[in-house]
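Sequences listed follow chains A and B, in order.
Anchor point for the first sequence: position 84 equals 84 in full-length UniProt numbering, and the numbering is continuous, going up by one each time.
Anchor point for the second sequence: position 183 equals 183 in full-length UniProt numbering, and the numbering is continuous, going up by one each time.
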Amino acid sequence: MGLLSILRKLKAREKEMRILILGLDNAGKTTILKCINGEDTSEISPTLGFNIKTLEHNGFKLNIWDVGGQKSIRSYWRNYFEQTDGLVWVVDSADRPDRMEDCRRELAALLQEERLAGATLLIFANKQDLPSARTKEQIAEILKLADIQTHHWHIESCSAVTGDRLLKGMDWIVGDIADRVFMLD
Amino acid sequence: MLSNASNVKSTAKQMAPPPVTEVVVDELGDGCAASFFEEKSEVLGLINRIATLTLQPGELTPEEKRILSEGRWSRLPLIFERYQEQPGLLDPHLEELVHAAAEPLRTAMDNVTGHIDGLDALFNLLYVLCKVRGYKTVVRFLTHEAKDLEPTLAQLRSTPATPQYWPTRYILLLWLSLIVMTPFDLATIDSSLDIRVQSSGQQLGLVDTLVMQGKQFLSSTGKEYEGAAILLTRLLTRRDTVETHLTPFLNWCIEEALRVHSEALPMNVFLLRGILYALCTLYKLGPRHLLLPTLSKIIPLSNTLAEGSIATTNSLIRKLIVKLTQRIGLCFLKPKLAKWRYQRGSRSLAANLGRGPAIVAQGGIGGDDMDDDDEIPEETEEIIQMMLNGLRDKDTIVRWSAAKGVGRISARLPQEFATEIVASVIALFDEDTLPPVAGSTTPNLAAVSDSTWHGACLAVAELARRGLLMPEWLEKVVPWISLALLFDMKRGSHSIGAHVRDAGNYVCWSFFRAYDPALLLPHISTLSKRLIVSATLDREVNVRRAASAAFQEGVGRLGGSGEFGAVPNGIDIVTIADYFSVGNRVSSVLEVAVSLANYGDYRTDIITHIAQVMTSHWDKAIRILASQALYKLTFIDLDFVLNSVLPDLIPRANSFDLVVRHGACLALGEICLAWSQIRNGSPRQDISDKELTPIWWTKDEEEKIVKPITNIIPTYPQTLLDTFGSDLTRISLCHLIACLSDANWPSQYRVEYGINQTVTYDPFLVSWWSLVHSTLENRDESVQIVAAKAMASLSNYCWPLTLPTQTNTQTLIDTARNSALLKDMVDTICAKTKFVKNPAPTTRIYDRFASTTAKAQQGGNQMVDRFPRRGYALAAGMVSKCVKVVHGTRILESLIALVTAVEGGGEDAEGRRNAVSAIVGVYVGLGVDGICEVIPRTLFTESMDALFIGMEDYSIDSRGDVGSWIREACFKAWPVLLPLFTSVNMAMVAQGKDPYLVPEISARAVKVLLRQSVEKIDRVRESAGVALSQVLNLKDVNLGILDSSRNLARIALQESESGELNWLNTADVYPRMVKLLAVDEFRDDLMVGLVVSVGGISESLVRYSTSSFVEFVNALPLKSQLSDTSLLSLQTMLKDFTALFSKPSYIKDRISVSLIEVTDVLIGCGAVARVVADSDEWISTVGNLFDVVKKEVFKCKDVKKVLAAIKVFIGLAALSGVAAKSIRQKALTQLVVYLTHTYPRVRRASSEGLYIALTTCGEEEQAEFEEKMELIEDVLLTTDWDQPATDLKEYRAKMAEYLNVKLPAVLTKA
């Protein structure tokens, strides 16, 4: 009965979900996390490592991991005994075209990872408050979301600054994970 | 009543269609494709196939049966078991899967009464799903219509009680447990009611039948008991049964349990297990108001059982008792969540985003427990005591159950009560601790129980996770947890405690989650250092990974609290010490831990742990790893290592504890080597490459460190080198000597001065030499290897070719030449490697460490002598170049004598093998200039001859072909020596001398390699083959007559679809090598090798070598073509083959049986017949073949050989054609002669052989004997050939007459 098996059991029993917030740097991941955690979002500096926050939502306990975008991020979620249930991929909707291409490639690579198999994927088309922001339809096309066959996915436009539609997206991802993982309770 | 209602309600909810997993589509399309369950369509197809096949009437065809059994036994379970680790991936498809199996079952059960054979395939499938995903999840998808109840029950009752059907019974019970949750009154669907009325109450009602069935299966040995317990729980907690049936059932349980307890029969354990399991489920799900009155009976039951003999021996029973006790405790207390518990501000996502109620209070302790004035029943005390005892249990499952119980019960108690529990749990750590040992501040854990510590850790983690461990306790608990993280207790030759360390990590993990970062700040430094030590240096991979996960959780939770420095360098470390990098122990210690030591906060802890704990670890591999790590760490913090690590290690070098002194000596050596390298300014470079500075130590260090280390060996207790464990001690001391020598250790007079100057050397060198010499004589080869390496380093230290203070090489050589110490060493090498029948006892300058046994045995005993001989032979090749320049010829002479020793050396294969390697070592060590200067031509030629003799070494002893070791050592010599000697040649020619290496030597080497590259032992063939390819690729080496064919051979070895030729793979080797038979220069040697393989024993070897050989022979043209005479013909081949029989006896003796067998192969494949049929001209070749075989078995006592020859004679006797007549006749004669051979087996074989030959030869030949055939058959088949040979003479004479053969005169006379 090692830590590994204890953690697995606990997670199921306590109705916990593990959600990673990922994306390129400056996409607004930490702002989103702070916003949904009820913290002040006026001052955000680049995340050097990661934060874990626990939140309640619809009776579930969400452990939300905000992983910095600058560095190699793999060891953060590969390093874990637990299964990752959900991925929140944050996109800066007003980013340069070459960065959008980076964004597509990174996301595609991420979805190949075995440890993330079956995780629900939510894409936030963030920074909709900026005038140059693309619509989520445009982003879905750039990221070629239609080709994703291995994960449940959903795209939501939002603004972390105003908090607009963040809840809608989180509702979806929690609901989808609940349907998959806790559908019987 | 309430909970009963909710049960029914939940049943009703299930009857609604299960939640649809598809996502509601909003404006933009959502991706909702299949997830990772790849085999879905295959699985569904298989299930349907199985369903159709099992349900269809009539016999199945074999093909259908095959599909069925494959699908049910191998394919389906295999697919699902792939998902055991991530069963969630199956979830989206579970419903479909379960339905696919359950619907056909349901239809079948509805339509047929009685057991239906074949259904078990589908039941098995459902069981596998339960196993992978958990029964609770799977069962819900089964159908649950009330009308199914009776058919399902009927099916269960009619299932035979044989073991193979257990999954069927298990699934049926689970299925029933679902159906009985129907909201309708069971009485309304009970058809037996009608029957009962008619037959005056004889029959049981439906509920009673179900209860009876359930009880019956509770005692089952298989998994059925779990199904039965669930069924009973669901059934008896129904609204319409609970009042009437629950209490009687509980009474039954108690009665039966007590009966089993008092009888204490082993076979009743299963019933007890079932009852306890059922009670556990009942007390979890049953209505509290009905269970409360029964508690008074159940508590004594669990008390009584806990003390019974069954419980003490069976951990599962103990676990169930603890679990039941916990459930009883929970039943006593009202279900509620303690209001007083600590909560780390739990936030609501919706509230934060402005929907729903306001934010929940941040952090801190919950409200007072105003309403906690409920009375706490007395029994609670007793129950908690049982839980605490359970924490101490010797089995993990019991402790884990108890820990959960402690947590759950505490959550329902008022704060004072719970505080007492926490205090008791923490007190468990203190149990049996002894006062700290002198000089230490931590308690002495020598006497504590690892089980108790594990249980206590689990309970602390549970309490913390539930917020029941109030923050003020942290200060008390953290010191214990940091001890638990490194908990390791010696138990004899190993240690225990990995489970405690793992649990310690669980505690840390739950602390990081449970508490506000501010509360943990005072402890984070201690915990994070311990976690890093555990994550990188623990012996067990699961502990390293657990610690790395706990550390990561800490960084994620605490590092985000505003200040990034909460966990020092946390972010960087998480990336370095991740789940994968700590997976491999060696790289975790040598790479990860070493790189983390670059962070000042962790350096001291890492180095100290390695130096103090790992160097004295019970596992030798860990001690070695520790010394290697210390080498690297010295480069990171030399000052710390010199000032804090070395002073502690030095006194441990001669500790009474073997483990301690071994680890200390290894570590000392590595540290000193690193130290010297650092001071010489060439960190991490090979010692040989660097310039040495004369003095690299300080005066202060000389006093404090150098002197004590120098003195370790001179003052070493002799007993430690003689008694048990001396081998390991000697290994570590030799390693120390090697490291100190490589480090150019401080000494005053290391180099002896010439005879005319003062002859002196440091006294410690005598002890060092003495230790190395005496260790070389050890019986264990691994010890000898270390000693030989030490001799290499030490000789280079004493007699180097360069010194910082002395740059004139010639002076150093002269000094060495005049050295008495060196002369003595070389004398010893020569004396020890030589075989002398009765060696006179030798006196040496150094004999302090010669073990007492060796001294006593200096009588010239062969058996004793060979261990020193092996050791010195091993070391002889490794001494320093200076020694080789001075004494190389003497050393070579004695090595050559050992390799070529016929008498005495003959039985010592290891000695000769080492000597061969040493010859190579001497030449390589001397290098081109050394060889030119020192080695005379005669000695060179003798060395080559020795290698060729070694190549023919086929010595055998009780271990098998021990000669192969020597041959292998010789093979490896050529790729090294040939290029070296080619360079020597060039140097010689430049000096105007004749070259040493002549092409004949290289050619001879290649031919022998070629021969051995097709021999039978895989390993030998590989080393010969590898050496052969290497030699062929040496472009500068002249191979003499073989040079022109070299490319042919290279191409044959290279052309491969899979790249490299795998010499171990016979299917790959033989087809290619056989082609080289066509090359005249190669044929002879290659054939000798091939003969051994074709006539070999192992099946794959014979198959591939024979088939390749036969294929090659059959493809040969009969005669040489006039146009191209170089092309090999069958006739030439046969002639060359016959010539093998006249090889010198040292080769032929080994291969003669194989030669005869191969002759038979040549006859069998038709090659001989082909030659005979062609013309009379070549009949003499075949005649010769007959003659050589006959000669080979003449007066032969080897039955195997004679039997092989008989096969050849049969083949020859069955040849057809006029030309072959004389040979046929000769062969027949030989067979007839053998009818009275001394051995009955030979007589029988030749009688059978005659019969075969006469019935298989051509029609014309048969016609010859046609009229006599009946008589011949009569003699051959009816005679008992086992009777004495003298009685058989008349039959033989008859045969000779019938066959018209003349018996040799000498035999007829006898």
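Glycine included, C-beta positions come from ideal geometry on N, C-alpha and C.
Predicted model only: the values in this text are computed from it and were never measured.
Between Pro651 of chain B and Glu777 of chain B, the gap from beta carbon to beta carbon reaches 7 Å or more. Under the criterion of beta carbons closer than 8 Å, Val574 of chain B and Arg544 of chain B do not qualify as touching, at roughly 14 Å. Here Pro800 of chain B is buried: its Cβ has 16 or more other Cβ atoms, across all protein chains shown, within 10 Å. Between the stretch 166-176 of chain B and the stretch 261-272 of chain B, the count of C-beta pairs closer than 8 Å stays below three; the two stretches do not touch. Contacts with chain B at 7 Å (Cβ-Cβ) include Leu166 of chain A. Under the 7 Å criterion on CB atoms, Ser348 of chain B is classed as interfacial with respect to chain A. Gly556 of chain B has a beta carbon lying within less than 7 Å of a beta carbon in chain A. One Cα belongs to Arg239 of chain B, the other to Lys323 of chain B, and the distance between them is close to 26 Å. Selection B:Val1113, B:Asp637, B:Val645 evaluated against Met614 of chain B yields B:Val645 as nearest (Cα-Cα). For the pair Val406 of chain B and Met386 of chain B, the CB atoms are not nearer than the 7 Å cut-off.
Burial of Ser548 of chain B is indicated by the presence of at least 16 other C-beta atoms within 10 angstroms of its C-beta.
Met100 of chain A is not a Cβ neighbour of Leu62 of chain A, given a cutoff of 7 Å. If the five residues before and after Asn268 of chain B are omitted, its C-beta is found closer than 6 Å to the C-beta atoms of Val260, all from its own chain and listed in chain order. Arg465 of chain B and Gln326 of chain B have their C-alpha atoms spaced approximately 18 Å apart.
In the structure shown, Gly214 of chain B falls within a helical segment according to DSSP collapsed to helix, strand and coil. Proximity of Gly23 of chain A to chain B, defined by a Cβ-Cβ separation below 7 Å, is not satisfied.
Every unbroken stretch of the alpha helix (DSSP H) spanning 4 or more residues and falling wholly within the stretch 281-337 of chain B is given here in chain order: 288-307, 309-313, 315-332.
Not one beta carbon of chain B lies nearer than 7 Å to the beta carbon of Phe124 of chain A.
When Cβ-Cβ separations below 7 Å define contact, Met170 of chain A makes contact with chain B. Counted as a single uninterrupted DSSP element, the beta strand (DSSP E) harbouring Lys490 of chain B occupies residues 489-491. For the C-beta of Leu353 of chain B, the chain A residues within less than 9 Å are, from N- to C-terminus, Cys35, Ile36, Gly38, Gly163, Leu166, Leu167, Met170. Boundaries of the beta strand (DSSP E) around Trp89 of chain A: 86-92.
Not a single C-beta of chain A is nearer than 7 Å to the C-beta of Ala816 of chain B. Within the stretch 425-511 of chain B, the alpha helix (DSSP H) runs of at least 4 residues that lie entirely inside it are, in chain order, 450-465, 474-484. Inclusion of Ala1204 of chain B and Glu1248 of chain B in the CB contact set at 7 Å is not warranted, their separation being larger than that value.
In terms of beta-carbon proximity, Arg18 of chain A stays away from the interface with chain B, with every pair separated by 7 Å or more. At a Cβ-Cβ threshold of 7 Å, Ala593 of chain B and Leu537 of chain B count as neighbours. Cα atoms of Leu1250 of chain B and Glu1259 of chain B: separation of roughly 16 Å, rounded to the nearest angstrom. Listed along chain A, the residues sitting closer than 8 Å to Pro92 of chain B by beta-carbon distance are Arg180. Collapsing the DSSP output to three states places Asn251 of chain B in a helix. Residues of chain B whose Cβ lies closer than 8 Å to the Cβ of Gln83 of chain A are, in chain order, Gln86, Gly88. With contact defined as three or more Cβ pairs closer than 8 Å, the stretch 1041-1054 of chain B and the stretch 1106-1118 of chain B are not in contact. Taking 7 Å as the CB threshold, Leu55 of chain A lines the interface with chain B. At a cut-off of 7 Å between beta-carbon atoms, Leu3 of chain A makes contact with chain B. Here Ala909 of chain B is buried: its Cβ has 16 or more other Cβ atoms, across all protein chains shown, within 10 Å.
For Asp66 of chain A, the secondary structure class from DSSP, reduced to helix, strand or coil, is strand.
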